[in-house]
Amino acid sequence: MRVHTFLILGVAVLIAGVSNVAQAKQFKNAYISFEIPERWNCVLEATEWVCRSQETNESKEAIIVLTAKEVGPSDSLQIYEGHMKNPIKTTTKTGETVMSQVMSPPTQKKINNLLWVDGFHISSEIQNYYTRYIATIKERIAVLVTFSAHKEFYTKYAQDFFNAVNSLNVIATKNSLQDPSIQGAGGTLGPISTGAGTGIDIGGLPDGSQQGAKKSNKFLYVVGAIVFAAIGLLILMRLKKK
598 MRVHTFLILG VAVLIAGVSN VAQAKQFKNA YISFEIPERW NCVLEATEWV
648 CRSQETNESK EAIIVLTAKE VGPSDSLQIY EGHMKNPIKT TTKTGETVMS
698 QVMSPPTQKK INNLLWVDGF HISSEIQNYY TRYIATIKER IAVLVTFSAH
748 KEFYTKYAQD FFNAVNSLNV IATKNSLQDP SIQGAGGTLG PISTGAGTGI
798 DIGGLPDGSQ QGAKKSNKFL YVVGAIVFAA IGLLILMRLK KK
């Protein structure tokens, strides 16, 4: 009984520790709200909102970018889906042209009662970074949110991105069109309306990135192994009691 109690307490502490890693806060601007990790911050850069970790190394591992514009002739869910189906051409900071790889075909899905197009590429915005594109249209405003993370660190941010996507809520009104962060009808939403990537530059990854990624993945594997082992032991103890 004593071992059983300590086992339950140990699993509870472990789960609490993991949940703390995924703590989130709400970000809200003139047209959208969603959850971002507690350690992240969002800043308006020209007409784009850029969200990233406030920790120097992590800020180079992953990034979320929000763009919005007044709906024009190049905006429809069908057009967005058509561009996401194909490789996206982008130019690196060294001038090299790179074609992205479509990791999964785009689909349309409902998030909080609004239909979005959801696509997934690698090297479409930043070389060697996975990017998930989530785009929608509500009344006269088109919105694109991109979630990018280096391929060595994507698992580290997968849960954060999952929470952010599922909390997306377009709150735009007619008055939102006056906001300086929303482009006019002649603007673009990057690759989903032009087929060309923006080539975002978030700086080089810190030294030892491979080692950091391995440590991150190893931590997740260890946590998973401990949880499954604890559950298995609990089941075994209950079977023995019967």
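Heads up: the sequence shown runs through residues 598 to 839, numbered per our numbering.
The beta carbon of each residue, even a glycine, is placed where N, CA and C say it ideally should be.
Item to check | Buried or exposed by the 16-neighbour rule on C-beta atoms within 10 Å, applied to Lys753 | outcome: For the purposes of this step, residue 753 is taken as the residue at position 156 of the sequence shown. The residue in question, Lys753, is buried, as its Cβ has 16 or more Cβ neighbours within 10 Å.
Next on the checklist: Suppose you measure from the CA of Ile734 to the CA of Thr694; what does that come to, to the nearest Å?
Outcome noted: Taking the first residue of the sequence shown as 1, we reach residue 734 at position 137. Taking the first residue of the sequence shown as 1, we reach residue 694 at position 97. Distance between the alpha carbons of Ile734 and Thr694: 30 Å.
Next on the checklist: Just to confirm the assignment: which complete alpha helix (DSSP H) runs, minimum length 4, are found wholly within the region 688-763?
Outcome noted: 751-763
Item to check | Limits of the alpha helix (DSSP H) - the one that Ile768 falls within | outcome: Position 171 of the sequence shown, counted from the first residue, corresponds to residue 768. Segment: none, Ile768 is in no alpha helix (DSSP H) and carries neither H nor E.
Checklist entry - What are the complete beta strand (DSSP E) segments, minimum 3 residues, inside the region 615-677? => result 621-625, 629-634, 637-642, 645-650 and 659-667
Item to check | Proximal residues to Leu712 (C-beta, below 6 Å), its chain only, five neighbours per side dropped | outcome: Locating residue 712 in the sequence shown gives position 115, counting from the first residue. These residues qualify, in order along the chain: Gln705.
Item to check | Inter-stretch contact (C-beta, 8 Å, three-pair minimum) for the region 663-671 and the region 731-745 | outcome: yes
Item to check | Local conformation of Asp776 per DSSP, three classes | outcome: By one-based count along the sequence shown, residue 776 stands at place 179. Three-state DSSP puts Asp776 in coil, outside helix and strand.
Checklist entry - Could you give the C-beta distance for Ile779 and Tyr628, rounded to a whole number, given that I count them as a contact under 8 Å? => result Residue 779 sits at position 182 when you count from the first residue of the sequence shown. Residue 628 sits at position 31 when you count from the first residue of the sequence shown. Right, the Cβ-Cβ distance comes to about 6 Å (below 8 Å), so this counts as a contact.
Checklist entry - According to DSSP, what are the bridge partners of Lys682? => result Along the sequence shown, read from residue 1 onward, the residue named residue 682 stands at position 85. In the DSSP output, where bridge partners are listed per residue, Lys682 has none listed.
Checklist entry - For Phe631, which residues of its own chain have a beta-carbon under 7 Å away from its beta-carbon, when the five flanking residues on both sides are left out? => result Against the sequence shown, residue 631 aligns to sequence position 34. Excluding sequence neighbours, Phe631 sits near Phe624, Ala761, Ser764, Leu765 and Asn766.
Next on the checklist: Please classify Ala659 as buried or exposed, where buried requires at least 16 other C-beta atoms within 10 Å of its C-beta.
Outcome noted: Along the sequence shown, read from residue 1 onward, the residue named residue 659 stands at position 62. By the neighbour-count rule (16 or more Cβ atoms within 10 Å), Ala659 is buried.
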